Amino acid sequence: MKKVPFVTKEQVDEIVKQYPTPFHIYDEKGIRANAKALKEAFSWNKGFKEYFAVKATPNPYLINILREYGCGCDCSSLTELMLSKAMGVKGEDIMFSSNATPAKEFAYANKIGAIINLDDITHIDFLEKTIGKLPETISCRFNPGGLFKISNSIMDNPGDAKYGFTTEQMYEGFKILKEKGVKNFGIHAFLASNTVTNDYYPTLAKTLFELAVDLKEKTGANIKFINLSGGIGIPYKPDQEPNDIYVIGEGVRKVYEEVLVPAGMGDVAIYTELGRFMMGPYGHLVTTAIHEKHTHKEYIGLDACAVNLMRPAMYGAYHHITVLGKEDAPCDHVYDVTGSLCENNDKFAIDRELPKIDMGDYVVIHDTGAHGFAMGYNYNGKLKSAELLLKEDGSVQLIRRAETPKDYFATFDGLDIYDKFDFEV
Ligand SMILES: *Cc1c(COP(=O)(O)O)cnc(C)c1O
649 MKKVPFVTKE
659 QVDEIVKQYP
669 TPFHIYDEKG
679 IRANAKALKE
689 AFSWNKGFKE
699 YFAVKATPNP
709 YLINILREYG
719 CGCDCSSLTE
729 LMLSKAMGVK
739 GEDIMFSSNA
749 TPAKEFAYAN
759 KIGAIINLDD
769 ITHIDFLEKT
779 IGKLPETISC
789 RFNPGGLFKI
799 SNSIMDNPGD
809 AKYGFTTEQM
819 YEGFKILKEK
829 GVKNFGIHAF
839 LASNTVTNDY
849 YPTLAKTLFE
859 LAVDLKEKTG
869 ANIKFINLSG
879 GIGIPYKPDQ
889 EPNDIYVIGE
899 GVRKVYEEVL
909 VPAGMGDVAI
919 YTELGRFMMG
929 PYGHLVTTAI
939 HEKHTHKEYI
949 GLDACAVNLM
959 RPAMYGAYHH
969 ITVLGKEDAP
979 CDHVYDVTGS
989 LCENNDKFAI
999 DRELPKIDMG
1009 DYVVIHDTGA
1019 HGFAMGYNYN
1029 GKLKSAELLL
1039 KEDGSVQLIR
1049 RAETPKDYFA
1059 TFDGLDIYDK
1069 FDFEV
């Protein structure tokens, strides 16, 4: 499928008068349509709730859009919990799915009434020592080990992942938690990442539903929800077929009716913790070509770099690129598209066929709405960009200003050097 940006050259010409490139921009219309579709696809399940994975796009303006569709927040850290609380997300609308969790984070999660999803059996004691009496509802993260396969194809390698309880530990953990007075249980698992197939959730659901039935039978635990977590992917590449959330929802429903309903568990709520699927396609990193270099290869240098989008440098991930105004021009040039870090992996694309790029062209990098801005860092003293929201009415709202040198040097505040910076440059 041809990937078409949700902004045009004319729109960006206007936007840059106020907000210079580089910036991340998000598409309100796309976010809403997708959130609505997810809600509909799982409307057969009374307790369904999506806990948006805050780490993917920790921006309150965007998360508030999702909240209109009933979404809660899935948090992985203290600051994400703080953000959710500050936004007015309450109690069980917050899921705390963390690992190697500091005591302080458990304490805060408990204080604000978040559902705690334990990553390990030893965390039962750790949590109890931290907060005293355990909450009424607890979730445990499951990791069956081995390879996660759909038919014969290997999707991921849970046996090599640091997360979760083993199968035996799930039974043991549920017994211990029950003895300690826990009344409601959740089961969580995240066994494959960025899956571009409608079969991932139904396959995962079958495993978890069967486990739930057996756990209930053997431990007597009251299982309140099953959390299918994240992992529904997006088509980063033009030749990939996007997931169909309605097919996925229907696939999960079928397994639910096959496994849970006959076991008298037709009241179990289905939760999801999607990040990428909720936001990924609805973000672009908009940059300007500022250098061209003809050496052993042809290079285009952008005004953005890996600190704005780390996925290509970190995972060799593909992100589609469109040169605005040249959407229909022939891709008859081959470029490495680079940022300015002193790191040779700071390349948004390698040997990419693109139209001829002229200096000043806007180069749009697609699918940066999740795990994009959020993964940013400050290497080489580079500053983080602004985030903008393209609203449904076509107007643009600043939803996070760009970092300034003052932000970057803020942690020297109170030290001698702080007064010596030329903050006005
Ligand atoms: C990262 C993460 C998610 C979201 O994953 P996506 O691939 O963005 O859907 C959900 N749950 C947990 C526990 C995570 O760590």
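All residue numbers for the sequence shown refer to the working numbering, where the first residue is 649 and numbers rise by one. Think of the CB as a built atom: it goes at the ideal place given N, C-alpha and C, for glycine as much as any other residue. It should be emphasised that the depicted structure is a prediction, and the values quoted were computed from it without experimental measurement.
Roughly how many angstroms lie between the CA atoms of residue i and residue j, to the nearest whole one?
i     : j     : result
I1013 : Y1025 : 18 Å
I779  : N765  : 15 Å
I1047 : V844  : 30 Å
G718  : G812  : 27 Å
Y894  : I772  : 37 Å
E827  : F754  : 20 Å
L1036 : T705  : 13 Å
L922  : S732  : 16 Å
G1062 : K1068 : 12 Å
L729  : A701  : 11 Å
L852  : P890  : 19 Å
K872  : F833  : 6 Å
E676  : I969  : 21 Å
N747  : K810  : 9 Å
A632  : G1020 : Residue 632 lies beyond the range of the chain shown here (649 to 1073); nothing can be said about it.
E784  : G912  : 22 Å
N682  : D980  : 34 Å
T855  : S877  : 14 Å
P668  : I713  : 25 Å
K684  : K797  : 30 Å
E1001 : V737  : 45 Å
I882  : A1018 : 10 Å
M803  : E662  : 43 Å
W692  : P1003 : 47 Å
I679  : L686  : 11 Å
F1060 : Y819  : 50 Å
H944  : I998  : 13 Å
R959  : A1034 : 18 Å
V971  : E1072 : 33 Å
T1052 : F857  : 49 Å
C723  : D892  : 26 Å
P1040 : F696  : The question names Pro, yet the displayed sequence has Glu at residue 1040. Straight-line Cα distance between these residues: approximately 27 Å.
K781  : K866  : 24 Å
L775  : G829  : 14 Å
V982  : G739  : 52 Å
I948  : Y884  : 21 Å
Assuming residue i and residue j make a contact with CB atoms under 8 Å, what is their CB distance in whole Å?
i     : j     : result
G793  : T770  : Between T770 and G793 the Cβ distance is about 17 Å, and since that is not below 8 Å, they are no contact.
K752  : L726  : 7 Å
D1015 : H967  : 6 Å
I870  : K831  : This sequence places Asn at residue 870; Ile is not what is there. The pair is a contact, with the Cβ atoms about 6 Å apart (cut-off 8 Å).
E688  : T920  : Their Cβ separation, rounded to whole angstroms, is 13 Å, which puts E688 and T920 out of contact at 8 Å.
Y1056 : L1031 : 6 Å
I880  : Y848  : 7 Å
G807  : L825  : Contact doesn't hold; Cβ gap of about 25 Å is too wide.
A840  : R789  : Contact flag wrong, Cβ pair sits at about 15 Å.
M649  : P929  : 11 Å between Cβ atoms; not a contact.
I896  : N846  : 5 Å
M735  : I763  : 17 Å between Cβ atoms; not a contact.
P850  : V900  : 5 Å
N842  : R715  : That belief does not hold up - the Cβ atoms of N842 and R715 are roughly 25 Å apart, past 8 Å.
Since residue i sits in a beta bridge, which residues does DSSP pair it with?
i     : result
E940  : I948
L1046 : L1036
S801  : I798
G829  : Answer by DSSP bridge pairing: none, since G829 is not bridged.
I874  : I835 and I918
F813  : F790
Y674  : G931 and L1037
V971  : V1011
I896  : In the DSSP output, where bridge partners are listed per residue, I896 has none listed.
I882  : Its beta-bridge partners do not exist; DSSP assigns none.
Say the cut is 7 Å; is the CB of residue i nearer than that to a heavy atom of ligand 2?
i    : result
S988 : The model on display carries ligand 1 but not ligand 2.
Practice prompt. Please specify which runs of the alpha helix (DSSP H), each continuous and at least 4 residues long, are wholly inside the region 835-872, giving them in chain order.
Written response: 848-867
Practice prompt. For the region 983-990 and the region 908-924, state whether three or more C-beta atom pairs, one from each stretch, are separated by less than 8 Å.
Written response: no
Discussion item. Counting beta carbon pairs with one atom in the region 927-940 and one in the region 652-660, are three or more of them shorter than 8 Å?
Written reply: yes
Worksheet entry | alpha helix (DSSP H) segments (min. 4 residues) lying fully within the region 733-799 | 751-759 and 770-779
Worksheet item: Would the region 989-1005 and the region 946-954 be scored as touching if the rule is three or more Cβ pairs under 8 Å?
Response: yes
Fill in: 3-residue-minimum beta strand (DSSP E) runs that sit fully inside the region 975-1034, ordered along the chain
981-986, 995-1002 and 1010-1013
Fill in: Runs of alpha helix (DSSP H) lying entirely within the region 693-729, each at least 4 residues, in chain order
708-715
Discussion item. Contact between the region 854-866 and the region 706-717 is defined here as three or more beta-carbon pairs at a separation below 8 Å; is this criterion met?
Written reply: no
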